[in-house]
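Undergrad: Using this note's numbering, the first residue of the sequence shown is number 4, and each one after it goes up by one. Glycine is no exception: its CB is placed at the ideal position from the N, C-alpha and C atoms. In this text the structure is predicted, and so the values were computed from the model without any measurement. My structure is below; once you've seen it, I'll send some questions.
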Amino acid sequence: MTEILKLLKNGNKPSLLAAFVNAFLGIIKGAAFFFTGNVAMFAEMMHSFGDSANQFFVYIGSALSKKAPTKQFPAGYGRIVNLVCLFAVIIVAILSYETIKEGWHHLLHPAIESKGIFIALGVLFIGIVLETAVLAKAAVEVLHEAGQEKAGLASISKAFGFLNRAKPATKLVFMEDLVATAGNILAFSAILIAHFTGWGQIEGLVSIIIGCMMFFVVGKVFLDNARGAIGETDQEMLNHIAHLVLDDPNIKDIVRLEVIKEGEFLHVELVAEANPELSLAFLDDVRDHLTEIILSQKGVTRVAILYDEDDGELTWVHVADRPPNLTIK
Numbered sequence: 004m005t006e007i008l009k010l011l012k013n014g015n016k017p018s019l020l021a022a023f024v025n026a027f028l029g030i031i032k033g034a035a036f037f038f039t040g041n042v043a044m045f046a047e048m049m050h051s052f053g054d055s056a057n058q059f060f061v062y063i064g065s066a067l068s069k070k071a072p073t074k075q076f077p078a079g080y081g082r083i084v085n086l087v088c089l090f091a092v093i094i095v096a097i098l099s100y101e102t103i104k105e106g107w108h109h110l111l112h113p114a115i116e117s118k119g120i121f122i123a124l125g126v127l128f129i130g131i132v133l134e135t136a137v138l139a140k141a142a143v144e145v146l147h148e149a150g151q152e153k154a155g156l157a158s159i160s161k162a163f164g165f166l167n168r169a170k171p172a173t174k175l176v177f178m179e180d181l182v183a184t185a186g187n188i189l190a191f192s193a194i195l196i197a198h199f200t201g202w203g204q205i206e207g208l209v210s211i212i213i214g215c216m217m218f219f220v221v222g223k224v225f226l227d228n229a230r231g232a233i234g235e236t237d238q239e240m241l242n243h244i245a246h247l248v249l250d251d252p253n254i255k256d257i258v259r260l261e262v263i264k265e266g267e268f269l270h271v272e273l274v275a276e277a278n279p280e281l282s283l284a285f286l287d288d289v290r291d292h293l294t295e296i297i298l299s300q301k302g303v304t305r306v307a308i309l310y311d312e313d314d315g316e317l318t319w320v321h322v323a324d325r326p327p328n329l330t331i332k
């Protein structure tokens, strides 16, 4: 139990905050739907509860992924966060379907008049404020993980350029809350339009749009985490580490270099060619030096370095300079 509590303290904080915020919003939106019968409010209720469950699972997964390697799992538990994200999107997919189905029904058979417009608008306004705050927090975390400076509210727009460098949990929270904020604004607008124009079908149309946006997040998150669960190479870091290794005058060539994403972490495996006349003791010192340099790079938690005899031929070509049809040996 003590170990679990320690792990939970290191879980992804934005996802935990978003889980509580969305649970609260789901409850008040559910109450508003009960009193008003507004289908746009139903869509937002489903959206909030789906995001809450999703983000809570992601928080647990991000915490467990930091568990230290064991004899049974020597590579560690980093990919747990990817597996949890894959499970979490199933929940969102089901709720997305229900949201679209309810919206379609309302589009074909719109209610004559929604009740309690001020209740609905008040709840949605609270949702816009809270979701925007969580989105801003997630954006700041994205920039922090990418090594960038935060920029106040401009952090949200700035974060789009660095999403691919964010941790899986942070990226998921940012995307979900972006859609949630947009969904609140759409539902707010739909209720106003329906009230002043009498076009009741717009609430069903907005419900369908919100459900489709949820499906977009499902698809994006599924693809990203499926690659992570299989074991995706970080190409940018691979090229960077190759430069660091070849900057060492004792390394003549790289036979093989792998930089694999293990959840939020990177594992590096290197086979390098060295002068066969160098002593084992000297090469061991070189390995220690390279290991220290590589471990100092952001996200790298494990390094394995092996040597091969220099064959006098250069076989490694940097990723940025490699022709499309040339593979790394």
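Cβ atoms of Asn-13 and Ser-55: under 7 Å apart, would you say?
TA: Their beta carbons are not under 7 Å apart, which means Ser-55 does not touch Asn-13 by this criterion.
Undergrad: Among the residues of its own chain, which have a CB less than 8 Å from the CB of Asn-278, if the five just before and after it don't count?
TA: Closer than 8 Å at the Cβ level, and outside the excluded window around Asn-278, lie Asn-253, Lys-255 and Asp-313.
Undergrad: What is the DSSP secondary structure of Tyr-100, reduced to helix, strand or coil?
TA: Reduced to three states, the DSSP call for Tyr-100 is helix.
Undergrad: Does DSSP put Thr-236 in a helix, a strand or coil?
TA: Here Thr-236 sits in strand by DSSP.
Undergrad: Where does the unbroken alpha helix (DSSP H) through Leu-146 begin, and where does it stop?
TA: Counting along the chain, the alpha helix (DSSP H) containing Leu-146 begins and ends at 120 to 148.
Undergrad: Taking a contact to mean a Cβ-Cβ separation below 7 Å, would you say Gly-106 touches Ser-192 in this structure?
TA: Contact flag unset, no.
Undergrad: Helix, strand or coil for Lys-170 per DSSP?
TA: Three-state result, Lys-170: coil.
Undergrad: Take His-246 as the anchor and find which of Val-95, Ala-275, Tyr-100 and Val-137 has the nearest alpha-carbon.
TA: Residue Ala-275 is the option with its Cα nearest to His-246.
Undergrad: Between the alpha carbons of His-50 and Ala-96, how many angstroms are there, rounded?
TA: The straight-line gap from Cα to Cα measures roughly 10 Å.
Undergrad: So, is Thr-318 buried or exposed, given that buried needs 16 or more other C-beta atoms within 10 angstroms?
TA: Classification for Thr-318: exposed.
Undergrad: Please state if the CB of Gly-266 and the CB of Gly-81 are separated by a distance shorter than 7 Å.
TA: Contact: yes.
Undergrad: Take every Cβ of the region 58 to 74, pair it with every Cβ of the region 149 to 166, and state whether three or more of those distances are shorter than 8 Å.
TA: With the cut-off at 8 Å, the region 58 to 74 and the region 149 to 166 do not touch.
Undergrad: Can you tell me which residues form a DSSP beta bridge with Ile-263?
TA: Looking at the DSSP assignment, Ile-263 forms a beta bridge with Thr-236 and His-270.
Undergrad: Please classify Ala-91: does DSSP put it in a helix, a strand, or coil?
TA: Here Ala-91 sits in helix by DSSP.
Undergrad: Taking only runs that begin and end inside the region 173 to 253, name each unbroken alpha helix (DSSP H) of 4 or more residues, in chain order.
TA: The region 173 to 253 contains these whole alpha helix (DSSP H) runs: 204 to 233 and 238 to 249.
Undergrad: My output table needs one value for Leu-309: the three-state DSSP class, helix, strand or coil.
TA: Strand.
Undergrad: Note down the Cα distance separating Ala-284 from Gly-315, rounded to an integer number of angstroms.
TA: Taking the straight line joining both Cα atoms gives about 22 Å.
Undergrad: For my contact list, Asn-1 and Asn-242 are in at a C-beta cut-off of 8 Å; report their separation, rounded to the angstrom.
TA: Given a span of 4 to 332 for the chain in the structure shown, any question on residue 1 remains unanswerable.
Undergrad: Using DSSP with H/G/I as helix, E/B as strand and the rest coil, what is Thr-318?
TA: Three-state result, Thr-318: coil.
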